[in-house]
Structure formats: structure tokens, C-alpha cells
Amino acid sequence: MLATHQWMGGALAFPDVCKMPFPFPFFNLGLRPMTIPACWHILLYGGPMHNLFAKTPITLLDQPGVLGGIISQVFMQMQRHITGSFTLLLRGGPATRLTSLAVQNRMNIIGFECIPGLHFKFFNFKF
Numbered sequence: 001m002l003a004t005h006q007w008m009g010g011a012l013a014f015p016d017v018c019k020m021p022f023p024f025p026f027f028n029l030g031l032r033p034m035t036i037p038a039c040w041h042i043l044l045y046g047g048p049m050h051n052l053f054a055k056t057p058i059t060l061l062d063q064p065g066v067l068g069g070i071i072s073q074v075f076m077q078m079q080r081h082i083t084g085s086f087t088l089l090l091r092g093g094p095a096t097r098l099t100s101l102a103v104q105n106r107m108n109i110i111g112f113e114c115i116p117g118l119h120f121k122f123f124n125f126k127f
């Protein structure tokens with residue numbers, strides 16, 4: 001299981017259809033460093049881990065769609081996970097992992113954790 005934590009990475013969704021004034025598909029990105037509340041006492045590579053209760057208050061890349069999403073009527077809104085680990089609980093909630101599904105832009109689009117964190121690049125070096 002590739003668990004998610006506070007060090008970079010994120011969830012990506014497409015198409016996040018927003019109005020500008022006509023409907024147009026955008027990418028939607030929720031970055032992990034903005035996620036709150038993280039499990040501050042459970043660290044992975046020095047970064048707090050995330051569980052199903054963690055939410056990202058702001059998503060990015062749909063800023064031109066200023067009239068809001070087709071379903072949610074908002075843009076740059078909250079992202080939260082809807083799937084997690086079946087075997088690992090962190091502070092009472094299932095741990096989130098790479099490939100966990102996420103609802104982004106407040107129910108406008110479903111994305112998933114597909115951008116790995118920094119530890120994959122930094123800790124895999126062989127010296």
C-alpha cells in the first residue's frame with residue numbers, strides 16, 4: 001500500500017466541467033500539503049499521514065471557470081476522499097492511499113490520488 005502523507009502529491013480529476021460563460025472541461029487538482037486535519041502524530045518519511053477524515057479546502061486548475069461547476073455551482077472548492085484502506089486505521093479512520101477515489105470541487109467531479117509524494121524520488125536513491 002502506498003499511503004498518502006503531507007509531503008507533496010495530490011489528486012487529479014478530469015473533466016471538471018465549469019461555466020465560463022459556456023461549459024468547458026478543466027483539470028482539477030487537490031494538493032496534499034493543503035490537506036487538513038492530518039494525523040500529526042503518525043509520520044511517514046517525516047510527513048503526517050492522511051486518513052478518510054482529511055479534506056483539502058482548495059482545489060486548483062479550474063480558476064477560469066468563474067461561474068462555477070455544472071453540478072456544484074462553485075469552483076476551487078473542497079476535495080475529500082471516498083475510499084481508503086480496508087486494513088489500516090489512523091486515528092479512527094481508514095488510511096488513504098495512492099489510487100484512493102476523491103470527490104473534488106464539492107461533488108462536481110470524482111478524481112483519484114495519482115500523483116505520488118516526494119519520498120518516492122528521494123528515498124529510492126542508491127548511494
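Anchor point for the sequence shown: position 39 equals 39 in full-length UniProt numbering, and the numbering is continuous, going up by one each time.
The beta-carbon is built from N, C-alpha and C at its ideal position, and this holds for glycine as well.
These numbers come from a predicted model, not from an experiment.
Excluding the 5 residues flanking residue i on each side, which residues of the same chain have their C-beta closer than 6 Å to its C-beta?
{"i": "residue 106", "result": "72, 74, 77, 78"}
{"i": "residue 14", "result": "27"}
Label residue i either buried or exposed according to how many other C-beta atoms from any shown protein chain fall within 10 Å of its C-beta, with 16 as the threshold for buried.
{"i": "residue 104", "result": "buried"}
{"i": "residue 50", "result": "buried"}
{"i": "residue 6", "result": "buried"}
{"i": "residue 87", "result": "exposed"}
{"i": "residue 29", "result": "buried"}
{"i": "residue 58", "result": "exposed"}
{"i": "residue 46", "result": "exposed"}
{"i": "residue 52", "result": "buried"}
Less than 7 Å between C-beta atoms, sequence neighbours within five positions excluded: which residues of the same chain meet that for residue i?
{"i": "residue 112", "result": "11, 99, 100, 101, 102"}
{"i": "residue 80", "result": "55, 102, 103"}
{"i": "residue 65", "result": "18, 19, 20, 24, 26, 75"}
{"i": "residue 61", "result": "26, 27, 28, 29"}
Identify the residues that DSSP records as bridge partners of residue i: which are they?
{"i": "residue 23", "result": "19"}
{"i": "residue 11", "result": "30, 113"}
For residue i, I'd like the list of residues in its chain whose CB is within less than 8 Å of its CB, leaving aside the five on either flank, ordered along the chain.
{"i": "residue 116", "result": "2, 9, 98"}
{"i": "residue 68", "result": "18, 19, 74, 75"}
{"i": "residue 34", "result": "56, 57, 58"}
Checklist line | Length at least 3, wholly inside the region 79–116: the beta strand (DSSP E) runs in chain order | finding: If only uninterrupted beta strand (DSSP E) runs of at least 3 residues are considered, those enclosed by the region 79–116 are 79–81, 101–104, 109–115.
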